[in-house]
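And the structure:
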């Protein structure tokens, strides 16, 4: 393998550029409460591109011990931060959605998963330095707000904007390179094409 050179590094940068953390957009689909007026999309200040981990267990057969994968991957919840408008619209949407899951007014009944999560998705698109061209996209499926942070009001704080943070749970994600397949496709192809 040839040595690493500065000119190779500079060539990679001039060809591909560097990804920017402040050029992104989000889009919620299928929120089961209120109007779908894209309020959460526009006011999202911070969002994660999730990682994932494979569950593993120690293989205790004779010889070298190895960690081997088993079961489905584990997905960590997302943390999204929203700027609050004057009417607290963002917090109201998140609170209504969260209250739909477990209604605190009508007996703490837990709603069916299909009602609050099944048709809901969140797409996060990272943009190239021009601010318009897609660089990378990830879609979280079956999303819902698991928890919503408190908002601190303070008489001594001035000239700042209130923010609300929500922890969003999801079933799985898809990217430009990883797409979900059905079990019938898996059976006919033998494995998923990535």
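Numbering (the numbering used here), first residue to last: 1124 to 1317.
A virtual CB, placed ideally from N, CA and C, is assigned to each residue, including glycine.
Computed from a prediction, not measured in an experiment: that's the story for all the values here.
Residue 1139 sits in a helix when the DSSP states are folded into three classes. Separation of residue 1160 and residue 1240 (C-alpha to C-alpha, rounded to the nearest whole angstrom) is 18 angstroms.
Along the length of the region 1169-1245, whole alpha helix (DSSP H) runs at least 4 residues long occupy 1212-1224, reported in chain order. Annotation: residue 1128 to residue 1171 spans about 33 angstroms, alpha carbon to alpha carbon. Across the structure, residue 1256 and residue 1250 are spaced so that their CA atoms are roughly 6 angstroms apart. Judged by DSSP secondary structure, residue 1165 falls within the alpha helix (DSSP H) whose first and last residues are 1162-1166. Assigned with DSSP and collapsed to three states, residue 1259 falls in strand.
In the three-state scheme derived from DSSP, where H, G and I count as helix and E and B as strand, residue 1303 is classed as coil.
When the alpha-carbon of residue 1252 is set against those of 1167, 1143, 1138, 1153, the nearest one is in 1143. Residue 1198 and residue 1175 have their alpha carbons spaced roughly 5 angstroms apart. A Cβ-Cβ separation of about 5 angstroms places residue 1261 in contact with residue 1298 under the 8 angstroms criterion. Ranked by Cα distance from residue 1179, the options 1195, 1167, 1288, 1302 are led by 1195. DSSP places residue 1292 in the uninterrupted beta strand (DSSP E) bounded by 1286-1292.
Nearest C-alpha to residue 1153 among 1246, 1270, 1290: 1246. Annotation: the continuous beta strand (DSSP E) that includes residue 1296 extends over 1295-1298.
The beta-carbon distance between residue 1265 and residue 1293, rounded to whole angstroms, is 6 angstroms. This is short enough to meet the 8 angstroms contact definition. The straight-line gap separating the alpha-carbon atoms of residue 1301 and residue 1263 is approximately 12 angstroms. Apart from the 5 residues on each side of it in sequence, residue 1207 sits with its Cβ closer than 8 angstroms to the Cβ of 1166, 1213, 1214, 1274, 1284, 1285, 1286, 1287 in its chain, given in chain order. Judged by beta-carbon spacing, residue 1132 lies beyond the 8 angstroms limit of residue 1168, meaning their Cβ atoms are not closer than that value.
C-alpha of residue 1203 to C-alpha of residue 1177: approximately 24 angstroms in a straight line.
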